[in-house]
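The listed protein sequences derive, respectively, from chains A and B. Residues in the first sequence are numbered from 2 upward in steps of one, following the numbering used here. Residues in the second sequence are numbered from 6 upward in steps of one, following the numbering used here. Virtual Cβ for every residue (Gly too), placed ideally from N, Cα, C. These numbers were taken from a predicted model, which means no experiment stands behind them. Here is the structure we will look at.
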Amino acid sequence: MLKHRLQRPQNPNRVVLLGGSGFLGTRLSALLRQQGTEVLSLSSKDLDLSVASSVDQLKQILKAEDSLVMASALTPDKGRDVRTLMKNLSMAQNVAEYIEQKTLAHLTYISSDAVYDMSVNPVREGSPCTPTDLYAAMHITREIVFKVAAQKSKTPYLVLRPCAIYGSGDTHNSYGPNRFLRTAVKEKKISLFGGGEEKRDHLYIDDAARLVSACLSFQSEGVLNLATGTSASFFDVASQVANVVGNETKIECSPRANPVTYRHFDITETLRAFPDFRFTSLREGLASFYKTDMRG
Amino acid sequence: MIGFVGLSHLGIVSSISIASKGFKVVGFDPTTELTSNLEQNKLPVHEPGLDDLLARSKNQISFTSDPKKLEACEIVYVSLDVKTDQNNSSDLGPLTGLIEEVAAYLKPETILVVLSQVPPGFSRKLALKIKNPLYYQVETLIFGRAVERALYPERYIVGCENPAKSLPSTFEKLLRAFECPILPMRYESAELAKISINMCLVSSISVANTLAEICEKMGAEWSEIAPALKLDKRIGQFSYLSPGLGIAGGNLERDLATICQLAREYGTDAGVVEAWVANSRHRLDWVLRTLHGSVLSQNENPTLGVWGLAYKPDTKSTKNSPSLHLLGQLKSFAVRAYDPQVELSTEQRGNKLTQAESAVEAARGATALVVMTPWKEFSTADLKQVRQVMDGDVLIDPYAALDRRACIELDFTYYRLGSALEQRGGVC
């Protein structure tokens, strides 16, 4: 599924990052700069991709030798309705309009593991994509929109589907490590749905950025899931958070409203592509997150 | 006189086996180097007992590249190996070409028997093209046990144009010499019977692989469970219940691909077959995942020792070999490989992949040692010496070729299929 266009890694000429002020975008641009790569990081304040004039702006900004990373999207916390979907698709339409006309060195689309149905287990890159909500439908549609555009301009194209990412700088407060750490620090408690039996794969932000950077350096093409291959129950995550915070945090369970679901990833494709990649363990990631954000 | 056309692994073993029963046999192959070597008793394949059998039968068998020698035959077997492509689809062109070529030398009454691996429907179409009586005989060659299987077959499955008609007496006499049941059936049934046998084997292997993975995660032990299953008469003592690194060797994969193709063509449900294929791919990378978790993600510049390149012991065959698949994934690491029979080609070797002269040399300085083919030589290796020459302590032995207790006593961190990680002191 994933193919390296370059035999040996080399820094991209320049990376243009759309969605540069997001959780992943911020960390990625910092890492790329640290590695000596020129980065142009653009947020929605710099460039509103949802308006048609953004195509002309992209023409002014982008050069043929650029690697473009499309990480800009309205996330579910901004809305799960049709309006949000259509706005996200308009953004894709405008970026795609540019891509189909102009060849770039490389295009990466940051999608989501939401494109897979929860019944798929373990999730692999070849697992069927069966979106069950508008957010997932948005990502799978965008993946195809960019694929068609990239084919027209012969731009090498990569889709990355990250699982839940946690760590310093996360602007969301979704159920999982981020929220657990915040409530553990502020309220000395962590509230779980049911007994927290659900298992999920949690990827540390630095690892996510390093994987994206590795793909850029090899000009990888195809599809890759961004996950660690190790899933933990929310109860285990809560216990590890409590352990890291060390303030006698109480873990509270609640009556279960929904059936327990599990999500595991088979990360063989990542191991093939980057056999020496080292993932940060959940314990290490939580400790680092706590040290950076919570303890100051 | 019995003729053999296409001296593949199967053709060589089958022709010598028939000769050993007192029949006069001539083996034909267009490759003169091959027939010349065979005439000098030089076998291109490694099979236990085959050298002895050829030596004992030498007066009964000859090898030639002259197709005219087939003119005297009453029965001619076609045993060319049908190659598969990357998608496990058969390339039947060389087989049909060879049959058409030799058919010109046969008497009209000479019986033609296809032993090669053909898809359902092949024999019926071929029967329309040639004048000779045509039969298809199912062969389920097992590399490493080919002689035993050829001399003592469980049964003969014979595909016929019309199974209601008796087999020709010469053909029946030949088959009866092996003292096993003979099951004549229509061409299509015989062709599908061969695939059905292989599907049953794949099913058992897939059960073992699926359950073994759960054992590894939850601390159960597959080697304790499998014997219990084998005592169940519905499963049986010879069932394929050893976990492995997916389906290897080529022929089972070919049949899986054939069934998926037939299901697409006829609109039948082959979802379970597709699941077996997916599970096979998943298990094939078990060593890579284990290596990554235990070594590659833990060491800056690990050196790896690999024992075994063949797809299974007692064969030189590397078709779909898990070992070569693994080596392809480890190109960025220093690897020393050793196999008692297989030599890596110059193209396969590289700056980082070298071939060692012995098992101990492959292990020398290794951070981890992986036993990819369970050759007998490895199970009798001096593990104490191996432990001493290695730098690291990780031992990955998917097929349980080594003595687990001895490995743990020597402080190896020991991994194998169907078992949780075990170190001295117990299961981790």
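Please classify residue i: does DSSP put it in a helix, a strand, or coil?
i: residue 380 of chain B; result: coil
i: residue 46 of chain A; result: coil
i: residue 51 of chain B; result: coil
i: residue 140 of chain A; result: helix
i: residue 68 of chain B; result: strand
i: residue 419 of chain B; result: strand
i: residue 183 of chain B; result: coil
i: residue 266 of chain B; result: helix
i: residue 78 of chain A; result: helix
i: residue 390 of chain B; result: helix
i: residue 226 of chain A; result: strand
i: residue 341 of chain B; result: strand
i: residue 290 of chain A; result: helix
i: residue 205 of chain A; result: strand
i: residue 94 of chain A; result: helix
i: residue 278 of chain A; result: coil
i: residue 130 of chain A; result: strand
i: residue 17 of chain B; result: helix
To the nearest angstrom, how far is it from the Cα of residue i to the Cα of residue j?
i: residue 249 of chain B; j: residue 291 of chain B; result: 9 Å
i: residue 165 of chain B; j: residue 202 of chain B; result: 19 Å
i: residue 73 of chain B; j: residue 377 of chain B; result: 45 Å
i: residue 83 of chain B; j: residue 369 of chain B; result: 47 Å
i: residue 283 of chain B; j: residue 263 of chain B; result: 15 Å
i: residue 422 of chain B; j: residue 70 of chain B; result: 46 Å
i: residue 358 of chain B; j: residue 306 of chain B; result: 14 Å
i: residue 219 of chain A; j: residue 13 of chain A; result: 9 Å
i: residue 337 of chain B; j: residue 273 of chain A; result: 11 Å
i: residue 246 of chain A; j: residue 190 of chain A; result: 11 Å
i: residue 58 of chain A; j: residue 48 of chain A; result: 8 Å
i: residue 228 of chain A; j: residue 289 of chain B; result: 20 Å
i: residue 198 of chain B; j: residue 100 of chain B; result: 21 Å
i: residue 272 of chain B; j: residue 67 of chain B; result: 48 Å
i: residue 154 of chain A; j: residue 63 of chain A; result: 14 Å
i: residue 379 of chain B; j: residue 137 of chain A; result: 46 Å
i: residue 290 of chain A; j: residue 270 of chain A; result: 27 Å
Since residue i contacts residue j with CB under 8 Å, what's their CB separation in whole angstroms?
i: residue 117 of chain B; j: residue 81 of chain B; result: 6 Å
i: residue 130 of chain A; j: residue 117 of chain A; result: 6 Å
i: residue 53 of chain B; j: residue 152 of chain B; result: 7 Å
i: residue 94 of chain A; j: residue 214 of chain A; result: Not a contact, Cβ separation roughly 28 Å.
i: residue 142 of chain A; j: residue 100 of chain A; result: Between residue 100 of chain A and residue 142 of chain A the Cβ distance is about 15 Å, and since that is not below 8 Å, they are no contact.
i: residue 65 of chain A; j: residue 105 of chain A; result: 7 Å
i: residue 312 of chain B; j: residue 383 of chain B; result: 5 Å
i: residue 251 of chain B; j: residue 327 of chain B; result: 7 Å
i: residue 189 of chain B; j: residue 158 of chain B; result: With 8 Å as the limit, residue 189 of chain B and residue 158 of chain B do not qualify as a contact, their Cβ atoms being about 15 Å apart.
i: residue 279 of chain A; j: residue 224 of chain A; result: Not quite, the Cβ-Cβ distance comes to about 22 Å (not below 8 Å), so this is no contact.
i: residue 89 of chain A; j: residue 72 of chain A; result: With a Cβ gap of about 12 Å, residue 89 of chain A and residue 72 of chain A do not count as contacting.
i: residue 177 of chain A; j: residue 238 of chain A; result: 7 Å
i: residue 95 of chain B; j: residue 124 of chain B; result: 6 Å
i: residue 211 of chain A; j: residue 165 of chain A; result: Not a contact, Cβ separation roughly 17 Å.
i: residue 146 of chain B; j: residue 128 of chain B; result: In fact, because the Cβ distance is near 19 Å, the residues do not count as touching under 8 Å.
i: residue 396 of chain B; j: residue 295 of chain B; result: Not confirmed; about 18 Å, so no contact.
Any idea if residue i is buried or exposed, counting beta-carbon neighbours within 10 angstroms, 16 or more meaning buried?
i: residue 8 of chain B; result: buried
i: residue 64 of chain B; result: exposed
i: residue 211 of chain B; result: buried
i: residue 122 of chain B; result: buried
i: residue 402 of chain B; result: buried
i: residue 144 of chain A; result: buried
i: residue 418 of chain B; result: buried
i: residue 277 of chain B; result: exposed
i: residue 223 of chain B; result: exposed
i: residue 318 of chain A; result: Absent from the model: residue 318 of chain A. The displayed extent of chain A is 2 to 297, so no value can be given.
Return the chain-ordered list of same chain residues with a C-beta closer than 8 Å to the C-beta of residue i, the five sequence neighbours on each side being excluded.
i: residue 187 of chain B; result: 160, 161, 163, 172, 177, 180 and 181
i: residue 234 of chain B; result: 240, 244 and 246
Ignore the nearest five residues each way along the sequence and tell me which others in residue i's own chain have a CB closer than 6 Å to its CB.
i: residue 16 of chain B; result: 9 and 84
i: residue 268 of chain B; result: 275
i: residue 119 of chain B; result: 83 and 141
Give a single yes or no on whether residue i has its beta carbon closer than 6 Å to a heavy atom of the ligand PLP.
i: residue 61 of chain B; result: Looking at this structure, you won't find the ligand PLP or any other ligand, since it has none at all.
Skipping 5 residues on each side, what residues in its chain have a beta carbon closer than 7 Å to that of residue i?
i: residue 78 of chain A; result: 173
i: residue 199 of chain A; result: 234, 235, 261, 262 and 263
i: residue 288 of chain A; result: 245
i: residue 258 of chain B; result: 93, 252 and 325
i: residue 139 of chain A; result: 86, 89 and 90
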